[in-house]
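Peer 1:
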Amino acid sequence: MKIIAIVSAKGGVGKTTVCANLSVALRHFGKAVLALDLDPQNALRLHLGTDLQNIEGLSRATLARTGWRHACVQGRSGVYVLPFGMVNEADRQAFERRLDAEPDWLARNLNGLGLAENSLVLVDTPPGPSVYMRQALAAAHFVVVVSLADAASYATLPMMEGLIASYCKGRMGFIDHAYIVNQVDRARQLDKDIVQVTRNALGERVIGLVHQDQSVSEALAYGLSAIDHDPHGQGRQDLLACAQWLGRRLDQADARP
Ligand SMILES: Nc1ncnc2c1ncn2[C@@H]1O[C@H](COP(=O)(O)OP(=O)(O)OP(=O)(O)O)[C@@H](O)[C@H]1O
Ligand SMILES: [Mg+2]
Numbered sequence: 004m005k006i007i008a009i010v011s012a013k014g015g016v017g018k019t020t021v022c023a024n025l026s027v028a029l030r031h032f033g034k035a036v037l038a039l040d041l042d043p044q045n046a047l048r049l050h051l052g053t054d055l056q057n058i059e060g061l062s063r064a065t066l067a068r069t070g071w072r073h074a075c076v077q078g079r080s081g082v083y084v085l086p087f088g089m090v091n092e093a094d095r096q097a098f099e100r101r102l103d104a105e106p107d108w109l110a111r112n113l114n115g116l117g118l119a120e121n122s123l124v125l126v127d128t129p130p131g132p133s134v135y136m137r138q139a140l141a142a143a144h145f146v147v148v149v150s151l152a153d154a155a156s157y158a159t160l161p162m163m164e165g166l167i168a169s170y171c172k173g174r175m176g177f178i179d180h181a182y183i184v185n186q187v188d189r190a191r192q193l194d195k196d197i198v199q200v201t202r203n204a205l206g207e208r209v210i211g212l213v214h215q216d217q218s219v220s221e222a223l224a225y226g227l228s229a230i231d232h233d234p235h236g237q238g239r240q241d242l243l244a245c246a247q248w249l250g251r252r253l254d255q256a257d258a259r260p
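According to our numbering, the sequence shown is numbered sequentially starting from 4.
1. Using 8 Å as the cut-off, can you tell me whether the region 182–191 makes contact with the region 44–59, which would need three or more C-beta pairs spanning the two stretches below that distance?
2. Candidates K18, S26, A97 and G226: which alpha carbon is nearest A38's?
3. Can you give the Cα-Cα distance for M313 and T128, rounded to whole angstroms?
4. Hey, which unbroken runs of the beta strand (DSSP E) at 3 residues or more fall wholly within the region 41–91?
5. Assign Q138 to one of three DSSP states: helix, strand, or coil.
6. Apply the 10 Å Cβ neighbour rule to M136 and answer buried if 16 or more other Cβ atoms are within range, or exposed otherwise.
7. If you measure from the CB of T19, is any heavy atom of ligand 1 nearer than 7 Å?
8. Just to confirm the assignment, what range does the alpha helix (DSSP H) spanning Y157 have?
9. Which residues does DSSP list as the beta-bridge partners of N114?
10. So V198 is in the beta strand (DSSP E); what residue range does that whole segment cover?
11. May I have the straight-line CA-CA distance separating Q138 from L109, to the nearest angstrom?
12. Considering only C-alpha positions, which residue in the set L151, A93, L125 and L29 is nearest to V17?
13. What do you reckon, are the CB atoms on I210 and V124 nearer than 8 Å?
14. Put F98 into one of helix, strand or coil per three-state DSSP.
15. Could you tell me if the beta carbon of A229 falls within a distance shorter than 7 Å of some heavy atom in ligand 2?
16. Could you tell me whether the region 72–82 touches the region 240–252, using the rule of 3 or more Cβ pairs below 8 Å?
17. In three-state terms, what does DSSP make of V219?
18. Suppose contacts are defined by Cβ-Cβ distances below 8 Å. Is D40 in contact with L66 by that definition?
19. Does G17 come out as helix, strand or coil in the three-state DSSP assignment?
20. Hey, would you say V10 sits closer than 8 Å to V134, going by beta carbons?
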């Protein structure tokens, strides 16, 4: 089982979109995938065709000590989803205190789920350092940083490198981290320049670019991933290519002695 954390320092860059679509794409490529929502926004499920009335999730299951298995649901996308769940403010605070007190909470609970040996768990996180991002980084075998082709996003990359160095580097089982540049508009010279600067700075660590594509945001309105929504979308092609890169990279890590 491998845990892939999807993170960013800045908000609204497309983490949840990328997490949902990589999950669906990796499922298409034959992997067993669990998409896990570690963000109180509880929005990952909206991309994956799950029952909108369902309030269950890992926060409620943790507080009630009922185990996570019953909170996992299968959406129309075919991917298993573990939503964050809906909690009131007092319960959210109690839940966050629990996570703060138990730094290995995510890894321990995922190991306890008894997933198939070759499963992939993609973890969506809220933006910036938080108890949620710490849990995700502390458990991750691989980290995907999502960034935009803008100066503000580019300026946060050293902060992400620092967090990854603190929580991941040198830890047993940790493979690597890499970047996806999202919402790229090739008609804008600034986007092209920042993509170039990012490629120069990060080289092989750039998984790929995902273009700004209306069908990606439209898919969410239909409660679907972009992969399932528009077979001809540029965003879909980009996300499939990123998933292929990630699948190959994880397979390579397995192949190493
Ligand atoms: N490649 C893309 N093309 C067009 N729209 C996109 C693309 N990626 C994301 N979006 C849109 O950008 C918005 C923000 O995306 P998303 O919610 O995935 O970001 P996020 O990083 O998870 O945000 P938060 O930090 O609040 O968790 C959404 O409306 C989404 O549909
Ligand atoms: Mg999000």
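All C-beta atoms, glycine included, are put in the ideal place defined by N, C-alpha and C.
Peer 2: A quick look at the data gives this:
1. no
2. S26
3. Lying outside 4 to 260, the shown extent of the chain, residue 313 is not represented and no answer is given.
4. 83–85
5. Q138: helix per DSSP, three-state reduction.
6. buried
7. yes
8. Element bounds for Y157: A154 to A158.
9. According to DSSP, which records beta bridges pairwise, N114 is partnered with nothing at all.
10. That residue, V198, is in no beta strand (DSSP E); its alpha helix (DSSP H) goes Q192 to L205.
11. 6 Å
12. Reading off the sequence, residue 17 comes out as Gly, not Val. Checking every option, the nearest Cα to that of G17 belongs to L151.
13. no
14. Taken through DSSP and simplified to helix, strand or coil, F98 comes out as helix.
15. no
16. no
17. helix
18. no
19. coil
20. no
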